[in-house]
Every structure is written in structure tokens, then in C-alpha cells.
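In our numbering, the protein residues as written are 1 to 136.
Shown next as C-alpha cells:
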């Protein structure tokens, strides 16, 4: 294994990161996490049903961040505002929570330019989520 990769992995192990993500990202994140030593990174996800209840996202996120901090984890959030009307990002700013700043998590999947191009092409684009996918 190359030295830079070994150094990066050792650094990650000292941080005790706890990513907080949407369930749709869990499999992809676990592909990365499972390459690390056991118990180094603890992934936590929000319930998929919250896609229909964005008013629960802010309160749920506050609880998850509080638990992560109390346990001594370095936490960061990997998902978009998801209908909270900016409430989520206000909380992140107030509490100094590291996050990937995207209005919608599909920005993270597609990248901003591709996402914007798809939205410009057809505003009625349906975005499959971890909540909706079991319905098909």
C-alpha cells in the first residue's frame, strides 16, 4: 500500500469520524468504510420516511449530532437541505457542523453541473430516493 494512503487511513482512525447520511448513500459509504480497520468509522443514517416529513429532519439531525459529540466522534453530514427550507443549514452554521453544502442530495451523486443540466432539461424529473425505491 502506498505511504500516502497508509498515512490517510491512520489519520482517519485518529479522528473517529461518524458520517450522518441519507440511507440512499449508505451502501456507497460502506464500501469506503469497510476498507478501514473495524470500529473506526460509525455510519448513522436518517430514516427514509423523513422524505415525506421534512419537519422531522432538523430535530432528528440535532439529536444525531448531539449523540455523536457526546460519544467523542467527529461528525459530518452528507445530505442536502431536503425540504427543510434552510432550517438544516442554519443549524449546521450555528453549531459549526461540517457538511456537504447541497440543496439536494442528488447534487452529491451527479455533481452540480450535471444536476443543473438535468433540471434545466426537464423540471419534472423524478428523483429516485431510498424512500421511494421499495415501491417499485
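The beta carbon of each residue, even a glycine, is placed where N, CA and C say it ideally should be. These numbers come from a predicted model, not from an experiment.
Label residue 46 either buried or exposed according to how many other C-beta atoms from any shown protein chain fall within 10 Å of its C-beta, with 16 as the threshold for buried. buried
In angstroms with no decimal places, state the Cα-to-Cα distance between residue 58 and residue 85. 10 Å
For residue 31 and residue 43, which I take to be in contact (beta-carbon distance under 8 Å), what is that distance rounded to the nearest angstrom? Not a contact, Cβ separation roughly 11 Å.
What does the Cβ neighbour count give for residue 5, buried or exposed, with the cut at 16 atoms within 10 Å? exposed
With 16 other Cβ atoms within 10 Å as the buried cut-off, status of residue 136: Residue confidence for residue 136 is low, a pLDDT of 48 falling below 50, so the modelled location carries little weight; the figure read from the coordinates is stated next. It counts as exposed.
Pairwise C-alpha distance: residue 11 and residue 55: 36 Å
Indicate the three-state DSSP secondary structure (helix, strand or coil) for residue 20 in the structure shown. strand
I need the DSSP call for residue 136, collapsed to helix, strand or coil. Below a pLDDT of 50, predicted positions are generally treated as unreliable, and residue 136, at 48, falls in that range; the measurement from the model is reported next regardless. Here residue 136 sits in coil by DSSP.
Hey, could you find the ends of the beta strand (DSSP E) residue 76 is sitting in? 74-78
Output the distance between the C-alpha atoms of residue 71 and residue 96, rounded to the nearest integer angstrom. 17 Å
Paired residues, beta bridge with residue 44 - DSSP: 20
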